[in-house]
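Q: According to this note's numbering, the sequence shown holds residues 96 to 402 in order.
Even glycine gets a Cβ: it sits at the ideal position worked out from N, Cα and C.
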Amino acid sequence: MRTGAAKNFLFMSFSERRGVQPRCHGGVPSGSVPEGDTIYRAAKTLDLALSGKQVTHFETVLPKLARVDDDSALRGRTVEHVSSRGKHLLISFSGGLVLRTHMRMNGSWHIYRPGERWQKPRVDMRIVVATEDFVAVAFNVGVAEFLASENISRRSAVSRLGPDLLAETFDLEDALRRIAAEPRAAIADVLLNQRVVSGIGNVYKSEVLFVCGVDPFREAGALGREILETLLSTARKLMQMNVRTGSDRGIVTYTGFRRTTGRSDPSQRLWVYGRGGKPCRKCGTPIQRKKQGADARSTYWCPQCQS
Ligand SMILES: [Zn+2]
96 MRTGAAKNFL FMSFSERRGV QPRCHGGVPS GSVPEGDTIY RAAKTLDLAL SGKQVTHFET
156 VLPKLARVDD DSALRGRTVE HVSSRGKHLL ISFSGGLVLR THMRMNGSWH IYRPGERWQK
216 PRVDMRIVVA TEDFVAVAFN VGVAEFLASE NISRRSAVSR LGPDLLAETF DLEDALRRIA
276 AEPRAAIADV LLNQRVVSGI GNVYKSEVLF VCGVDPFREA GALGREILET LLSTARKLMQ
336 MNVRTGSDRG IVTYTGFRRT TGRSDPSQRL WVYGRGGKPC RKCGTPIQRK KQGADARSTY
396 WCPQCQS
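1. With a CB to CB cut of under 8 Å and the five nearest residues on each side skipped, what residues in its chain are close to Ala138?
2. Closer than 5 Å from C-beta to any heavy atom of ligand 1: which residues, in chain order?
3. Whole alpha helix (DSSP H) runs in the region 138-172 with 4 or more residues, listed along the chain?
4. Thinking C-alpha only, which one of Val156, Thr226, Phe312, Phe229 is nearest Glu240?
5. In or out: Arg344 buried (at least 16 other Cβ within 10 Å) or exposed?
6. Around the Cβ of Arg272, are there at least 16 other Cβ atoms within 10 angstroms (buried) or fewer (exposed)?
7. Can Val236 and Pro209 be called in contact, C-beta distance under 8 Å?
8. At least one CB of chain B closer than 8 Å to the CB of Val150: is that the case?
9. Put Ala225 into one of helix, strand or coil per three-state DSSP.
10. Let's test the definition: count the other Cβ atoms within 10 Å of the Cβ of Arg221 and tell me whether it reaches 16, buried, or not, exposed.
11. Return the CA-CA distance between Phe265 and Pro278, expressed in angstroms with no decimal places.
12. Under the three-state reduction of DSSP, which class applies to Lys386: helix, strand or coil?
13. Should Cys378 be labelled buried (16 or more other beta-carbon atoms within 10 Å of its own) or exposed?
14. According to DSSP, Trp204 sits in a beta bridge with which residue or residues?
15. Below 8 Å, can you find three or more Cβ-Cβ pairs linking the region 163-176 to the region 196-216?
16. In whole angstroms, what separates the C-alpha of Asp360 from that of Ala391?
17. Have a look at Thr282 and Gly316 and give me their C-alpha separation to the nearest angstrom.
18. If I'm right that Tyr368 touches Val298 with Cβ under 8 Å, what's the distance once you round it to whole angstroms?
19. Alpha carbon to alpha carbon, what distance is there between Val291 and Ser274?
20. Note down the Cα distance separating Arg172 from Leu256, rounded to an integer number of angstroms.
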């Protein structure tokens, strides 16, 4: 199901022949918050484009960021690396400065060649970080702040995140402890809680629970360790499947729409998400949809396969 224009990231597909070619892909249905895999891919791509390069131009309409730039100019610093932590994107500059952005509902980072026409109006621009070769533009980011790199793990919102499902080493025991602290919460809400584990958004929430055959409304405390481990490893597997890099030369190729079924046909790429009323791909029972949790996020599930 795809309706309207994608509001999430504009992905940058790196092709060896043509260099960076911005293309708009709807990885998340319109209006969804980008999930960890989306941010991870964006960070990887920005990292390839910007890392090791000197900032030739910095511009922002956000007063708090502009003040930092006035005090200690961004221009002339080197971009050290771009990374993601859950749904936060972190751009580290030389001199110990980190730009943290969070996309919320409508934010995105685009990357362009100098002089290339932007895909969004200038009025939506919040931040520009340019090097000699690339211009990275943040549009409508929901959160943006500069942090001192030594404070990242202590003071920022990043420090409160649960273990990152896409990190190279995932701390399973820490994740299980955090789940255990929410025994009365529905498992779907627990998976979505970024302070429990970071990276799962609304699409993966439903997909992971379906793949594991778990009722989204069951209390987390009623599930045994084995099934919780399976949920986490499945989430990790499904998300990793969607961030695989396309080449051993470090060139990121965005492989298409998010999928969990392993099928590339766009109409068959997800098990349950966005499929309310349609037959379950395993048993034919109509997929159910219900708003769930404090934020009333849609949950999709098969009452037969997930009972
Ligand atoms: Zn079913």
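A: On the basis of the supplied data:
1. Translated into the one-based positions of the sequence shown, residue 138 becomes position 43. Cβ within range, chain order: Val177, Ser178, Ser179, Leu184, Leu185.
2. In chain order, the residues that have a beta carbon nearer than 5 Å to some heavy atom of ligand 1 are Cys375, Lys377, Cys378, Thr380, Cys397, Gln399, Cys400.
3. 158-166
4. Here residue 240 is taken as the residue at index 145 of the sequence shown, counted from 1. Considering only alpha carbons, the answer is Val156.
5. Position 249 of the sequence shown, counted from the first residue, corresponds to residue 344. The pLDDT assigned to Arg344 is 34, lower than 50, so where the model puts this residue is not dependable; a value taken from the coordinates is nonetheless given after this. A residue is called buried when at least 16 other Cβ atoms come within 10 angstroms of its Cβ; Arg344 does not meet this threshold and is exposed.
6. Here residue 272 refers to the residue found at position 177 when the sequence shown is read from its first residue. Counting Cβ neighbours within 10 Å, Arg272 comes out exposed, since fewer than 16 surround it.
7. For the purposes of this step, residue 236 is identified with residue 141 of the sequence shown, where counting begins at 1. For the purposes of this step, residue 209 is identified with residue 114 of the sequence shown, where counting begins at 1. No.
8. No chain B is part of this structure, which consists of one protein chain only.
9. Taking the first residue of the sequence shown as position 1, residue 225 is located at position 130. Strand.
10. Residue 221 sits at position 126 when you count from the first residue of the sequence shown. Under this definition Arg221 is a buried residue.
11. The count along the sequence shown starts at 1 and reaches residue 265 at position 170. The count along the sequence shown starts at 1 and reaches residue 278 at position 183. Distance between the alpha carbons of Phe265 and Pro278: 22 Å.
12. Here residue 386 is taken as the residue at index 291 of the sequence shown, counted from 1. Reduced to three states, the DSSP call for Lys386 is strand.
13. For the purposes of this step, residue 378 is taken as the residue at position 283 of the sequence shown. With fewer than 16 Cβ atoms within 10 Å of its Cβ, Cys378 is classed as exposed.
14. As a working note, residue 204 is residue 109 in the sequence shown. DSSP, once it has assigned bridges, lists Ala233 as partnering Trp204.
15. Touching, no.
16. The residue given as residue 360 occupies position 265 in the sequence shown. The residue given as residue 391 occupies position 296 in the sequence shown. For Asp360 and Ala391, the distance between alpha carbons rounds to 29 Å.
17. Residue mapping note: residue 282 aligns to position 187 of the sequence shown, counting from 1. Residue mapping note: residue 316 aligns to position 221 of the sequence shown, counting from 1. Before going on, a small fix: residue 282 reads as Ile here, not Thr. Rounded to the nearest angstrom, the two C-alpha atoms are 8 Å apart.
18. Within the sequence shown, numbered from 1, the residue matching residue 368 stands at position 273. Within the sequence shown, numbered from 1, the residue matching residue 298 stands at position 203. The beta-carbon distance between Tyr368 and Val298, rounded to whole angstroms, is 5 Å. This is short enough to meet the 8 Å contact definition.
19. Position 179 of the sequence shown, counted from the start, is the residue given in the question as residue 274. Position 196 of the sequence shown, counted from the start, is the residue given in the question as residue 291. At residue 274 the sequence reads Ile, which differs from the Ser that was named. Cα to Cα, Ile274 sits roughly 6 Å from Val291.
20. What you label residue 172 is simply residue 77 of the sequence shown in a count that begins at 1. What you label residue 256 is simply residue 161 of the sequence shown in a count that begins at 1. Spanning the two alpha carbons is a distance of roughly 28 Å.
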